[in-house]
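There are 2 protein chains.
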Amino acid sequence: MHSTITKIDAEQADFTDPLRSYRDRFDLPDGVLYLDGNSLGALPKTVRQRVAKTISEEWGEQLIRSWNTADWVHLPQRVGRKIANLIGAGDGSVVTADSTSINLFKVLSAALDLNPGRSKIISERDNFPTDLYIAQGVAKQIGKGHRLVLSDAPSDIPDMLDEDAAVLMLTHVNYRNGYRHDMAALTKMAHDKGILVIWDLCHTAGAMPVDLTGAGADFAIGCGYKYLNGGPGAPAFLYVNPRHMGGFRQPLSGWFGHRAPFDFDPSYAPSSNIEQYLCGTPPVLAMVAMDEAMSLWDDVDMTAVRAKSVTLCDLFIQEVDSFADEFGLKLVTPRDADRRGSQVSYSCDNGYAIMQALIARGVVGDFRAPDIIRFGMTPLYLKFAEVKQAAAILRDILETRAWDAPEFQVRGAVT
Amino acid sequence: MHSTITKIDAEQADFTDPLRSYRDRFDLPDGVLYLDGNSLGALPKTVRQRVAKTISEEWGEQLIRSWNTADWVHLPQRVGRKIANLIGAGDGSVVTADSTSINLFKVLSAALDLNPGRSKIISERDNFPTDLYIAQGVAKQIGKGHRLVLSDAPSDIPDMLDEDAAVLMLTHVNYRNGYRHDMAALTKMAHDKGILVIWDLCHTAGAMPVDLTGAGADFAIGCGYKYLNGGPGAPAFLYVNPRHMGGFRQPLSGWFGHRAPFDFDPSYAPSSNIEQYLCGTPPVLAMVAMDEAMSLWDDVDMTAVRAKSVTLCDLFIQEVDSFADEFGLKLVTPRDADRRGSQVSYSCDNGYAIMQALIARGVVGDFRAPDIIRFGMTPLYLKFAEVKQAAAILRDILETRAWDAPEFQVRGAVT
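Taken in sequence, the protein lines are chains Z and L.
Under my numbering, residues 1 to 415 are what the first sequence spells out, in order.
Under my numbering, residues 1 to 415 are what the second sequence spells out, in order.
So, in structure tokens, the structure goes:
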């Protein structure tokens with residue numbers, strides 16, 4: 001079987017794509033088919049000018065006064081509100097701050113504090129490692145015998161939810177294989193056993209609609225630099241269900257989390273609102289880039305985003321199906337759209353070299369050790385014709401064994 | 001007594017200033033006498049272009065590949081090395097990361113882990129509040145009865161250093177009054193009692209030479225946005241004495257602190273080097289701005305910086321001496337240059353309104369509750385003539401009671 005959709009069909013799909021106008025709002029280099037927006041989102045065109053203005057006018061001319069006049073001081077809340085709109089979170093329940101790892105440290109500490117007398121933190125062995133590392137760091141510092149218990153498959157999780165589990169901590173969409181958990185069902189199962197739930201939305205926010213409020217999630221975290229296009233190492237976000245506000249819950253108790261930071265009181269009095277989850281002075285340049293990137297989402301229909309994401313993934317899977325077996329590519333992403341995020345991943349031998357050969361031909365995806373090649377589908381700026389072409393280039397590289405050249409075997413610092 | 005140095009003298013001092021060429025490397029607005037570089041440093045001219053290039057070329061065109069090709073992944077170490085040169089720290093002992101508050105959380109946690117069986121964290125009631133808040137957060141999370149014990153005056157500290165003290169945690173130069181501790185003497189006194197020492201260099205780095213290695217300091221932290229001019233909310237730095245490397249010491253164990261972050265191992269194995277003190281993905285745009293700002297320091301003579309700082313402070317103090325008593329301004333900064341940093345502060349009634357009136361006249365300093373007006377002296381871009389003029393404007397505002405206008409009583413979110 002050859003390709004399942006003709007070139008004309010893909011171009012027709014692009015022509016009728018309700019999201020097609022968004023492509024022009026990004027700077028994308030010529031000759032690149034960018035299937036790595038799930039690692040670093042593309043550059044929204046207006047970011048450069050906005051950051052330049054912040055540097056020249058707000059920093060350079062207004063200097064310290066901009067904390068008030070440009071309202072730098074409330075950037076974490078302002079950007080948080082824009083993200084809240086995409087993830088089904090209410091006003092005042094999301095802030096943008098720090099990194100995903102640090103935000104997980106905050107909310108996991110808070111969750112364990114809220115659920116004393118239980119010792120297990122349940123997660124998955126295949127969760128993104130930093131989440132597991134942070135859990136180990138929190139448990140070690142608390143020193144009360146909390147332990148991380150890891151499932152080997154999603155289907156094992158329900159049986160692990162017992163009376164000794166304090167927190168269920170999952171990444172909604174798996175970074176390697178793109179598997180997507182059923183957020184509402186797992187949250188309910190956990191709550192039925194008195195377990196609090198933290199959702200990592202790194203591979204979710206901006207890729208599909210989410211309803212944290214509807215699911216009753218306790219906490220959520222996520223990054224700004226993937227589907228949200230906030231720039232490399234963009235500030236992360238965190239969500240706290242309003243029912244968990246108050247108390248002195250999270251230990252990264254910097255001055256921006258104080259009830260009255262500019263009173264300079266020597267004793268910590270936590271804000272009883274989402275601001276308690278702020279810590280130090282916000283990184284203004286990074287926040288402004290993130291704020292500008294988020295302004296692009298004001299009028300985006302998330303249902304259309306998800307529909308296009310599903311079709312992009314289906315198209316890529318169908319195209320690769322025609323040669324996958326011949327070259328030993330094994331689809332590790334669920335075929336069932338209801339069980340996956342917005343990426344398509346294959347396990348294969350020589351995956352690193354294959355990905356390098358793809359990148360050399362302009363198809364930018366990425367490799368995840370030990371054997372996964374990953375293709376991210378970003379509905380705001382990816383075309384159906386590009387996805388079809390990327391699959392064709394993959395086929396050509398496999399057929400010609402182009403990946404078997406010495407220059408494609410050499411690894412960089414970041415693989 | 002009127003002014004102690006004539007206008008001609010100040011201009012002569014500017015003409016012979018060995019640092020005068022640096023002024024041209026900053027963008028400073030016309031009509032502003034900027035005496036708040038100890039809160040937010042001025043904009044180095046090359047930062048805008050460097051950040052624009054990073055956005056357009058590295059993010060926009062090279063996209064994800066820049067983690068390798070532009071070596072984004074090692075920005076924390078590269079910027080750290082530049083800061084290390086200014087603070088007497090050896091290679092591989094400083095990284096740039098996160099915020100000052102978060103970095104304090106890391107090193108205080110490590111210090112308490114290294115010094116078990118002791119319960120006190122010694123600091124000052126007048127330390128910058130976020131340092132005290134973070135200590136409260138660390139102590140609460142560890143839950144082993146650590147308590148923060150605060151001195152009311154620097155002279156009280158030596159007697160507080162007893163066998164139950166685990167850590168002495170001080171800001172080298174006080175943010176309010178500019179008092180400067182004797183780093184070497186206090187570190188030695190603490191070490192003699194088996195106490196580890198953390199120095200906060202927020203008001204030190206870039207303002208004067210520091211010798212962390214010579215003093216034998218255990219840990220240090222500091223921010224990038226004051227005398228280092230890294231931009232609003234710039235990434236902070238931290239120093240770890242090489243004798244304290246290794247172990248699983250700091251609990252913010254994100255993937256960038258792992259021995260091999262890109263192996264994606266589910267178990268945390270800490271780097272045995274300074275990288276252990278990294279946590280999540282570094283904020284590239286903010287790091288690049290900081291890196292560019294730090295490049296300005298390559299050939300700066302820190303002895304000349306300190307000499308000019310002392311003279312700038314002396315000049316301002318002398319000028320204000322001529323009218324301070326008449327208007328109730330009390331100098332709270334030590335007259336002895338060996339006991340102060342690079343700022344001059346006064347306590348006074350109506351300090352908030354006086355500072356607002358100064359700002360309206362172009363003299364930008366700041367107010368710190370309840371009654372301190374603060375003037376920062378930044379040797380790289382401040383002129384003697386400006387300091388003299390600022391004092392004259394302060395005098396005029398006091399003589400005319402210009403501060404007693406309604407518009408100067410209204411407080412912003414940040415005071």
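Every residue, glycine too, gets a C-beta built ideally from N, C-alpha and C.
These numbers come from a predicted model, not from an experiment.
- request: Using a cut-off of 7 Å between C-beta atoms, extract the partners of L/Gln-141 located in chain Z.
  value: Ser-109, Gln-141, Ile-142, Pro-251
- prompt: Counting pairs of Cβ atoms below 8 Å between the region 386–398 of chain L and the region 312–319 of chain L, do you hit three or more?
  reply: yes
field: L/Cys-279 versus L/Lys-53, L/Asp-98, L/Gly-247, L/Gln-77, residue with shortest Cα-Cα distance
entry: L/Asp-98
- request: List the residues of chain Z that L/Asp-263 touches, going by C-beta distances under 7 Å, in chain order.
  value: Scanning chain Z for C-beta atoms nearer than 7 Å to the C-beta of L/Asp-263 yields Ala-369, reported in chain order.
message: Taking CB distances under 9 Å as the criterion, tell me whether Z/Ser-469 reaches chain L.
response: This structure does not reach residue 469 of chain Z, given that chain Z is present from 1 up to 415, and the question cannot be answered.
query: Using the beta-carbon of each residue, which ones in chain L are nearer than 7 Å to Z/Gly-145?
result: Per Cβ cutoff of 7 Å: no residues; Z/Gly-145 is ~12 Å from chain L at best.
Neighbourhood of Z/Gly-88 by C-beta distance below 7 Å, restricted to the same chain and skipping five residues each side: Val-210, Asp-211, Leu-212, Thr-213, Gly-214
message: What would DSSP say about Z/Pro-62, mapped onto helix, strand or coil?
response: Checking the sequence, you will find Gln at residue 62 of chain Z rather than Pro. Residue state, collapsed to three classes: helix.
- request: Kindly indicate which three-state DSSP category Z/Ala-220 falls into: helix, strand or coil?
  value: strand
task: List the residues of chain L that Z/Trp-59 touches, going by C-beta distances under 7 Å, in chain order.
output: Leu-43, Gly-231, Pro-232
message: Is L/Gly-137 close to chain Z? Criterion is C-beta to C-beta, closer than 9 Å.
response: yes
Min CB distance L/Asp-36 to chain Z below 9 Å: yes
- prompt: Can you tell me where the alpha helix (DSSP H) with L/Arg-340 in it begins and where it stops?
  reply: Looking at the DSSP string, L/Arg-340 is not in any alpha helix (DSSP H), and its letter there is neither H nor E.
field: Boundaries of the beta strand (DSSP E) in which L/Met-169 is found, first to last residue
entry: 165–171
Chain Z contact for L/Gln-62 (CB, 9 Å cutoff): yes
message: Please state the DSSP three-state secondary structure of L/Phe-128.
response: Of the three classes helix, strand and coil, the one that applies to L/Phe-128 here is coil, per DSSP.
- request: Could you tell me which chain L residues have their CB closer than 7 Å to the CB of Z/Arg-78, listed as they occur along the chain?
  value: Within 7 Å Cβ-Cβ: nothing; Z/Arg-78 doesn't reach chain L, min ~13 Å.
message: At the 9 Å Cβ level, is L/Asn-127 part of the contact set with chain Z, yes or no?
response: yes
- prompt: What does Z/Cys-202 touch in chain L if you count any residue whose Cβ is under 7 Å from its own?
  reply: Result: empty, since nearest Cβ-Cβ is about 10 Å, beyond 7 Å.
field: Endpoints, beta strand (DSSP E) assigned at L/Ala-97
entry: Taken as a continuous stretch (DSSP letters only), the beta strand (DSSP E) holding L/Ala-97 covers 94–97.
- request: Indicate the three-state DSSP secondary structure (helix, strand or coil) for L/Met-245 in the structure shown.
  value: coil
message: For Z/Val-288, report the span of its alpha helix (DSSP H) as first-last.
response: 284–295 is the extent of the alpha helix (DSSP H) around Z/Val-288.
- prompt: Are the C-beta of Z/Arg-25 and some C-beta of chain L separated by less than 9 Å?
  reply: no
- request: With DSSP as the reference, label L/His-258 as helix, strand or coil.
  value: strand
For L/Asn-38 and L/Tyr-179, believed in contact at Cβ under 8 Å, the rounded distance: Not quite, the Cβ-Cβ distance comes to about 14 Å (not below 8 Å), so this is no contact.
message: Less than 9 Å between the beta carbons of Z/Ala-42 and Z/Lys-383, yes or no?
response: no
task: Would you give the residue range spanned by the alpha helix (DSSP H) that L/Ala-190 belongs to?
output: 183–192
Boundaries of the alpha helix (DSSP H) in which Z/Ser-309 is found, first to last residue: 302–324
Sufficient close CB pairs (3 or more, under 8 Å) joining the region 369–385 of chain Z to the region 22–31 of chain Z: yes
message: Distance check for L/Ala-52 and Z/Ile-231, CA to CA, integer angstroms please.
response: Per the sequence shown, residue 231 of chain Z should be read as Gly rather than Ile. Roughly 13 Å separates the two Cα atoms.
Contacts around Z/Ala-220, its chain only, beta-carbon distance under 6 Å, and the 5 residues preceding and following it disregarded: Trp-199, Leu-201, Leu-212, Tyr-239
query: Under 9 Å, do L/Val-47 and Z/Ile-55 count as touching if we go by C-beta distance?
result: yes
message: On the DSSP bridge list, what partners appear for Z/Tyr-346?
response: Per DSSP, the beta bridge partners of Z/Tyr-346 are Z/Leu-331, Z/Ile-373.
- prompt: Do you know offhand how far Z/His-74's Cα is from L/Pro-283's?
  reply: 19 Å
task: Starting from L/Thr-130, find everything on chain Z with Cβ-Cβ shorter than 7 Å and list it in chain order.
output: Gly-254, Trp-255, Gly-280
task: Using a Cβ-Cβ cut-off of 9 Å, state whether Z/Trp-403 counts as contacting chain L.
output: no
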